[in-house]
Every structure is written in C-alpha cells, then in structure tokens.
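Respectively, the protein sequence lines represent chains B and P. All the letters of the first sequence, read from the start, carry residue numbers 1 to 80 under UniProt numbering. All the letters of the second sequence, read from the start, carry residue numbers 1 to 80 under UniProt numbering.
There are 2 protein chains.
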Amino acid sequence: MGRVKLQIKRIENTTNRQVTFSKRRNGLIKKAYELSVLCDVDVALIIFSSSGRLSLFSGNKSIEEILARYINLPANRRGR
Amino acid sequence: MGRVKLQIKRIENTTNRQVTFSKRRNGLIKKAYELSVLCDVDVALIIFSSSGRLSLFSGNKSIEEILARYINLPANRRGR
DNA sequence: TACACTATGTATAACCT
DNA sequence: TAGGTTATACATAGTGT
C-alpha cells in the first residue's frame with residue numbers, strides 16, 4: 001500500500017522503521033477493533049516497540065481477561 | 001474496503017458474520033506479521049471466535065514469551 | 001521531529017460458482 | 001457452506017512542509 005511495492009523484511013533505516021511502525025501500529029489496532037466489533041469476538045493485541053514501549057488493544061473485555069482465558073485453556077487447545 | 005462502505009457495528013447475519021470473521025482474521029494476522037518483520041518488534045495477537053475457537057499470532061518469539069514479557073511489567077507500565 | 005498529502009498498492013463486501 | 005472473482009473502499013510509502 002503506498003507509492004511502491006514493499007518487500008516484507010526489516011526496514012534498515014531507523015527513521016523509516018520508526019515512522020512505519022507508528023503508522024502500521026495504528027492501522028493494526030484499528031483493524032483489530034473493527035474485527036472485534038463486526039464479528040463480536042475477543043481480540044487481544046500486544047505490541048512491544050523496539051525501544052520497549054508497549055501498545056495494547058483489546059475489545060470489550062480487558063487484556064487481562066483475554067489473557068486469562070488463553071492461559072486457562074488446557075495446553076492441548078493452545079496450539080495455533 | 002469492498003463494494004460498499006461498511007458501518008462498524010456487529011454483523012447480525014450469522015453467515016455473513018462468520019465469512020467476514022474468517023477473511024478479516026486472516027488479514028489481521030497478515031498485518032501483524034508484516035509489522036513484526038518490517039519493524040522488528042514483538043507482536044502477540046490472540047483471537048477467540050464466537051464459538052470459542054482460538055487463533056494466535058506471534059512474531060519471532062513465542063506467544064508465551066511475549067505474554068510473559070507483558071505480565072512481568074510493573075503494573076504502572078501496563079496501561080494502554 | 002512530527003504532521004499532512006496523495007498516488008498507489010492492498011484488503012475486502014458483495015457476488016459468483 | 002466454502003472457495004474464487006472483482007469493483008470499490010481503505011491503508012500507507014514516499015513526499016512536502
């Protein structure tokens with residue numbers, strides 16, 4: 001999406017990488033929000049930037065509730 | 001995105017909701033993957049469908065590692 | 001350094017099979 | 001019901017300020 005087709009590999013230029021991170025993180029959170037509302041599902045999204053800053057999204061329920069729901073699954077139902 | 005502008009609210013028709021869920025879940029996971037690679041960041045994504053089925057994504061690290069990183073944050077750094 | 005713009009690539013709603 | 005197609009809306013890479 002954008003002026004040019006982008007290869008999916010690490011962006012080496014630090015400034016470009018940070019700008020892309022900021023834009024795409026916002027886009028990802030928006031998409032997660034839309035999925036949770038449109039389809040009425042629980043979504044939890046955790047992002048750590050390379051500087052260690054945390055970004056979170058969760059739908060109606062809190063992050064903690066959704067993580068607990070995951071953690072409490074029997075191990076054989078956690079695989080992807 | 002699509003033939004018509006979509007309101008962001010729960011899709012009432014069950015079939016449509018499931019179709020949209022399947023398509024958008026795939027799109028969301030793809031975007032999460034791209035963010036993790038392009039920007040070299042940790043992303044964890046947990047989705048429970050309305051029937052309780054689990055979808056997961058995480059980048060290089062395992063979901064468990066990323067969740068642990070979140071859970072181990074001091075409480076005052078967990079806010080969104 | 002951070003926003004705003006816009007040309008272009010991408011995701012997807014409705015349709016089709 | 002699931003998978004493929006396509007017209008259209010949306011996200012965003014590069015750019016400008």
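Heads up, the beta-carbon is just placed ideally off N, CA and C, and yes, glycines get one too. Quantities reported herein were computed from a predicted structural model and do not represent experimental measurements.
- Query: Are the C-beta atoms of P:V37 and some chain B residue less than 7 Å apart?
  - Reply: Answer yes: the Cβ-Cβ gap between P:V37 and chain B drops below 7 Å somewhere.
- Query: For chain B, is any of its Cβ atoms less than 7 Å away from the one on P:T20?
  - Reply: True, the Cβ-Cβ gap to chain B drops below 7 Å.
- Message: Using a Cβ distance threshold of 8 Å, determine whether the region 41 to 57 of chain B contacts the region 16 to 28 of chain B, with at least three qualifying pairs required.
- Response: They touch, by the three-pair rule.
- 8 Å contact criterion, which P:R25 and B:L35 should meet: CB distance rounded: Contact flag correct, Cβ pair sits at about 7 Å.
- Task: Would you mind listing the alpha helix (DSSP H) stretches within the region 2 to 56 of chain P that are 4+ residues and don't spill past its ends, in chain order?
- Result: Note on the region 2 to 56 of chain P: whole alpha helix (DSSP H) runs with a minimum of 4 residues are 14 to 39, in chain order.
- Message: Could you tell me the alpha carbon to alpha carbon distance between P:I8 and B:E12, rounded to whole angstroms?
- Response: Taking C-alpha positions only, P:I8 is separated from B:E12 by approximately 36 Å.
- Message: Just checking: is the beta-carbon of B:R3 within a distance shorter than 7 Å of some beta-carbon in chain P?
- Response: Under the Cβ criterion of 7 Å, B:R3 is not counted among the residues facing chain P.
- List the residues of chain B whose Cβ lies closer than 8 Å to the Cβ of P:A32, in chain order. One finds L28 and L45 in chain B with Cβ atoms closer than 8 Å to the Cβ of P:A32, taken in chain order.
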